[in-house]
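Protein chains: 2
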Amino acid sequence: MTTTRKPAVERQQEIVEMTLRLLSELGEGGLSTQTIADHIGITQAGLFRHFPTKNDLWIAVLSEIERLARNAWELVSREGDPAVVRVRKTLLAQLKLIEDYPAIPTLLFSTGRLAAEEVVHPIHVRIMTALRLRITEELSVAVQECGRDIQIDTLDIESLLLGVVQDCVLRWSLTGRGFDLVAEGDRLIGLQLRLSGLEAGGDRS
Amino acid sequence: MTTTRKPAVERQQEIVEMTLRLLSELGEGGLSTQTIADHIGITQAGLFRHFPTKNDLWIAVLSEIERLARNAWELVSREGDPAVVRVRKTLLAQLKLIEDYPAIPTLLFSTGRLAAEEVVHPIHVRIMTALRLRITEELSVAVQECGRDIQIDTLDIESLLLGVVQDCVLRWSLTGRGFDLVAEGDRLIGLQLRLSGLEAGGDRS
DNA sequence: TAAGATAGTGATTGATTACTATCTTAAATG
DNA sequence: CATTTAAGATAGTAATCAATCACTATCTTA
């Protein structure tokens, strides 16, 4: 039995993407090199030509997530929007990304460590930190731009906003992805922005 | 080598508690029956006298979490506090519980293999639903009690509050439990309650 | 077109997994 | 104190895990 040969980089990308796909169904603990190899159509041994260790595969997967995330954020923020809009779009981009790759929360929002954690955890932390940093920067601009006098700490607004994202993702997962993640996120992020005073319409009674 | 024998119910409780403890360090995928047995001081085979299947152990662990959670909520709400305070205390009780049993977010917020397991998933969903239900009920009373005209949907306030909890837990985990989870949660929950208009002091400029 | 580089196979490794059958003995029971 | 019973030990099982081996088929290029 022979398999159509592919150049290494192409095959590696294929393996990483397949792993990302299978992860959302099987979870981290239940995903074996055999399963991945089967779904791609190569031997289990052949997988180890491209990733000498399963740990190396996890690193590649996490790095791919980082790449995808940074890319998604970047696509959003180079427009000339006001900062509030950029914040909103960044968060929605994150939700869109999760919609496309449901394995991401499995890996990033899982507070229970990965099996291969020693090497993977730093990347994990780096991605989350990068997102927080980006939102923080955009937020402090937004606070200045909005014209009102915002009493709340920027970091706290950020925490509340990221909480909204997490709540949406968790509910989306538990309900078997039973609603439009991005739409629901947009609605609640808008609500939180109004409550924080960064967008108009949040005045009470 | 002999071990001091214990009555079954006592040993079972011991196994469940040890599993809960080890889970926060090792994660779900990396926790074997061998490891659990070693830490307790019985043989791996001996564990299967009390739980015929590892799945049965997971069910017992999830049930224990459910019991602990319901207990924590109950202890809080039988006082004569106003509903807003009860909401706040319920959420803080949840944070306190997570502080005591860090394995809880590992299991409840995990979207991985365990969550997808036929028998475990229902319990998982049931616990989260119970928390939401309880908060929702207390919140709608709080909205009536607060005297103000709250424009926001009760379910949305709930989502925002639970988002705060999740954000705190995630940051707490990623920073290696580097701050006081309950204190930080109290602070942000208070902020969110003021923003929502349920507590005084949230007026802007 | 011959030589080298490399993607992939097939077979097998030792370790670990959840789980079982059988025997032993400590502790509860009369 | 004798008998029962059930907690735990001993010693396995088959399956699966990541990883390694010698080797082959295919592609590239000098």
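Line by line, the protein sequences give chains A and Y. Each step along the first sequence adds one to the number in UniProt numbering, with nothing skipped, and position 148 is 148. Each step along the second sequence adds one to the number in UniProt numbering, with nothing skipped, and position 165 is 165. From the three backbone atoms N, C-alpha and C, an ideal C-beta is built for every residue, glycine too.
Same chain, Cβ closer than 6 Å to residue i, neighbours up to 5 away in sequence not counted
i, result
"A/LEU193", "GLU199"
"residue 239 of chain A", "Not covered by the structure: residue 239 of chain A. The range shown for chain A is 1 to 205."
"Y/GLU138", "ALA83, ARG86 and VAL87"
"Y/SER205", "With a pLDDT of only 35 at Y/SER205, under the threshold of 50, the placement of this residue in the model should not be trusted; the figure read from the coordinates follows. Counting only Cβ-Cβ distances below 6 Å, and skipping sequence neighbours, we find nothing."
"Y/PRO102", "SER24"
"Y/ALA60", "VAL16"
"A/GLY197", "ARG148 and ILE150"
"Y/ASP156", "none"
"Y/GLU74", "none"
"Y/SER77", "ARG86"
Cβ of residue i within 7 Å of any chain A Cβ
i, result
"Y/SER159", "yes"
"Y/ARG92", "In the sequence under discussion, the amino acid at residue 92 of chain Y is Leu, which differs from the Arg named in the question. So, not an interface residue."
"Y/VAL119", "no"
"Y/LEU22", "no"
"Y/LEU95", "no"
Interface residues of chain Y facing residue i [CB-CB closer than 7 Å]
i, result
"A/LEU170", "PHE109 and GLN166"
"A/SER63", "Going along chain Y, no residue has its Cβ under 7 Å from A/SER63, so there is no contact; the nearest lies around 18 Å."
Contacting residues, own chain, Cβ-Cβ under 8 Å from residue i (five flanking each side not counted)
i, result
"A/ALA72", "ALA93, GLN94, LYS96 and LEU97"
"Y/PHE48", "THR33"
"A/PRO82", "ALA142 and GLU145"
"Y/GLY190", "ARG88 and GLU199"
"Y/GLU158", "ARG132, ILE135, THR136 and LEU139"
"A/GLN12", "HIS50, PHE51 and ALA60"
"A/LEU62", "LEU107, VAL120, ILE123, HIS124 and ILE127"
"Y/THR154", "THR136, LEU139, SER140 and VAL143"
"A/ARG70", "ALA130"
"A/LEU31", "THR19, LEU22 and LEU23"
Below-7 Å beta-carbon distance, residue i vs any chain Y residue
i, result
"A/MET18", "no"
"A/VAL85", "no"
"A/GLY178", "no"
"A/LEU198", "no"
"A/SER205", "Any reading at A/SER205 must be qualified, since the residue scores a pLDDT of 35, below 50, and its modelled position is unreliable; no value is offered."
"A/ASP56", "no"
Amino acids of chain A, ordered along the chain, whose beta-carbon sits closer than 9 Å to that of residue i
i, result
"Y/LEU188", "ASP156, SER159, LEU160 and GLY163"
"Y/LEU195", "ILE152, LEU160, GLN192, LEU195, SER196, GLY197 and GLY202"
Cβ-based neighbour list, residue i, same chain, cut-off 7 Å, excluding 5 preceding and 5 following
i, result
"A/ASP8", "Here residue 8 of chain A is Ala; the residue named in the question, Asp, does not match the sequence. Closer than 7 Å at the Cβ level, and outside the excluded window around A/ALA8, lie HIS50."
"Y/ASP186", "LEU92"
"Y/ILE36", "ILE15, MET18, THR19, LEU22 and LEU47"
"A/GLY41", "THR3"
"Y/THR43", "ALA37"
"Y/VAL165", "LEU91, GLN94, LEU95 and GLY185"
Under 7 Å by beta carbon: chain A residues contacting residue i
i, result
"Y/GLN144", "Correct list: empty, because the minimum Cβ distance to chain A is about 14 Å."
"Y/VAL125", "LEU174"
Within chain A, the residues that residue i reaches when beta carbons sit closer than 8 Å
i, result
"Y/LEU191", "ILE152, ASP156 and LEU160"
"Y/LEU181", "Neighbours of Y/LEU181 on chain A: none; closest Cβ ~12 Å, over 8 Å."
Could you name each continuous alpha helix (DSSP H) segment of 4 residues or more that falls completely within the segment 21 to 64 of chain Y, going from the start of the chain to the end? The segment 21 to 64 of chain Y contains these whole alpha helix (DSSP H) runs: 33 to 40 and 44 to 50.
Pick out the complete alpha helix (DSSP H) segments inside the segment 64 to 107 of chain Y, 4 residues or longer, and give them in chain order. Uninterrupted alpha helix (DSSP H) stretches at least 4 residues long and entirely within the segment 64 to 107 of chain Y occur at 83 to 100, given in chain order.
Output the residue ranges of the alpha helix (DSSP H) runs that lie fully inside the segment 150 to 195 of chain Y and measure 4 residues or longer, sorted by chain position. Listed in chain order, the complete alpha helix (DSSP H) runs (minimum 4 residues) inside the segment 150 to 195 of chain Y are 154 to 174.
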